[in-house]
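I have placed the structure first, in the form of structure tokens, so that the comments after it can refer back to it.
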Amino acid sequence: MIRINHITKTYNSVRALDDVTLNICRNEVVSIIGYSGSGKSTLIRCIAGLESFESGSIVTRAGTEKRHGAIGMVFNKSNLFPHLTILQNLVLAPTKVLGLSKEEAEDEAIKILDKVGIWSLKDEYPGNLSSGQRQRAAIARALMMKPEILLLDEPTSSLDPV
421 MIRINHITKT YNSVRALDDV TLNICRNEVV SIIGYSGSGK STLIRCIAGL
471 ESFESGSIVT RAGTEKRHGA IGMVFNKSNL FPHLTILQNL VLAPTKVLGL
521 SKEEAEDEAI KILDKVGIWS LKDEYPGNLS SGQRQRAAIA RALMMKPEIL
571 LLDEPTSSLD PV
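The numbering of the sequence shown is the numbering used here, which starts it at 421 and goes up by one.
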């Protein structure tokens with residue numbers, strides 16, 4: 421599903437990734453664990469196409485056709501749009517990118533918000549929520565795009581163990 425071959429990424433003179441090679445198969449769950457500043461976030465940002473790298477290659481096989489939303493990402497900060505309600509945050513991309521009707525997207529959003537335990541907060545703005553509630557909303561937003569690959573950058577750091 422993901423093939424990383426000899427990736428090297430440098431910021432100024434600091435080498436964040438040094439000859440990283442990794443293969444991840446379909447339906448495999450992989451955790452990358454390391455010290456702060458060891459390159460974990462840099463690696464997943466490279467996989468998502470949000471960072472460039474100096475050498476090596478990354479090949480993803482998210483289905484047979486290229487489509488928007490094939491790779492989803494949840495950042496270590498929720499990055500929700502502060503001027504939109506939680507429901508509006510979830511509905512925006514599926515309607516604009518995937519072409520879902522507003523009604524279809526809202527129905528799906530309610531189901532996903534229920535799964536993450538915050539459906540009752542759908543009309544709240546991110547600034548009115550706790551950090552854990554915002555993070556659950558960010559996870560729900562990523563799931564709305566039905567990604568084949570889901571990259572999570574410390575997605576549960578602000579959540580209770582339950």
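Cβ coordinates follow ideal geometry from the N, Cα and C atoms, glycine included.
**Asked** If you count every other CB in all the chains shown that lies within 10 Å of the CB of R481, and 16 or more means buried, which is it?
**Response** exposed
**Item:** Simplified DSSP assignment, three categories, for R423
**Value:** strand
**Prompt:** Can you give the beta carbon distance from K542 to I530, rounded, assuming they're within the 8 Å contact cut?
**Reply:** 7 Å
**Asked** Buried or exposed: where does A560 fall if 16 or more other Cβ atoms within 10 Å of its Cβ makes it buried?
**Response** buried
**Asked** From this set, D534, V434 and I444, which residue's C-alpha is nearest R423's C-alpha?
**Response** I444
**Request:** Within 10 angstroms of the Cβ of G537, are there 16 or more other Cβ atoms? Answer buried if so, exposed if not.
**Result:** exposed
**Prompt:** Mind checking whether A557 and L510 have CB atoms under 9 Å apart?
**Reply:** yes
**Prompt:** With 16 other CB atoms within 10 Å as the buried threshold, where does I452 fall?
**Reply:** exposed
**Asked** How about A490 and E574: are their beta carbons less than 9 Å apart?
**Response** no
**Cβ-based neighbour list, E471, same chain, cut-off 8 Å, excluding 5 preceding and 5 following** = K429, T462 and R465
**Item:** Distance between L437 and Q508 (C-alpha atoms, nearest Å)
**Value:** 36 Å
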